[in-house]
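Numbering (my numbering), first residue to last: 7 to 260.
Below is one structure, written out as structure tokens; comments come after it.
Printed below as a string of structure tokens:
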């Protein structure tokens, strides 16, 4: 018999297992790495390839821009003034900003707005559609001076413009209604028979103001003559605003 040989079982290649921690997108990922002692071991996939396959890098997050406040459209009603609308809607910059934002709609006179007029609230003044060439030195720009007619309509409109500058509330209709009741539109009207007259301070002018009240509520920029239509209206509206909130709230003797 042939000599008995020593048969040894060939040892399989030992595997060495380890872990490599790969960070993908901020999360720790433990990946096994297999090392072989024999040439027949499967090739090891690169860490970068595995990381990319398992957890692709997330696209960088974009900051979310704050939504801009959407402008609103307000329809003017009877009794409205720019001051009243600006206060009621908390317009930043007050009635002046509201006027600038809607100047093309309102026109040259901020005191004249009409029921049904559409005003934009909460938007900056619209930029002009196209850039106009600057006026040449030989062509001075127009000052855009507003002129008022010398009648009841003009006096009320001029008074409203002054009131707007001083934040005094009041509307065309409210002023006109009270003037017709108090003086029938006569700027030289005087009351010589009521209790004020008995005290020596008769009511005078379009809105029948007594001298002490006129002096106390006179508005700078207007005449010191109590019979001056604009001065009389403006002082009376200033007084009515202090006592009643607005001349619009006056429907009788005040």
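Think of the CB as a built atom: it goes at the ideal place given N, C-alpha and C, for glycine as much as any other residue.
Residue i and residue j closer than 8 Å at C-beta
i	j	result
residue 169	residue 176	yes
residue 152	residue 200	no
residue 243	residue 189	no
residue 192	residue 208	no
residue 217	residue 232	yes
residue 124	residue 81	yes
residue 225	residue 172	yes
residue 220	residue 204	no
Alpha-carbon to alpha-carbon, residue j and residue i
i	j	result
residue 250	residue 98	25 Å
residue 127	residue 246	28 Å
residue 95	residue 157	33 Å
residue 32	residue 112	Caution is warranted here: a pLDDT of 47 is assigned to residue 32, below 50, making its placement in the model unreliable, and the coordinate value is therefore given only provisionally. Roughly 58 Å separates the two Cα atoms.
Residue i (DSSP reduced to helix, strand or coil)
i	result
residue 165	helix
residue 226	coil
residue 80	strand
residue 93	helix
residue 215	strand
residue 210	strand
Top-ranked residue by Cα proximity to residue i, from the options
i	options	result
residue 187	212, 122 and 121	212
residue 236	183, 202, 154 and 196	154
residue 256	185, 86 and 227	185
residue 5	215, 210, 227 and 118	Lying before the first or after the last residue shown, residue 5 is absent from the chain, which here runs from 7 to 260.
beta-carbon residue i near the ligand GDP non-hydrogen atom, thresh 7 Å
i	result
residue 174	The ligand GDP is not part of this structure, which contains no ligands at all.
Beta bridge counterpart(s) of residue i as assigned by DSSP
i	result
residue 197	209
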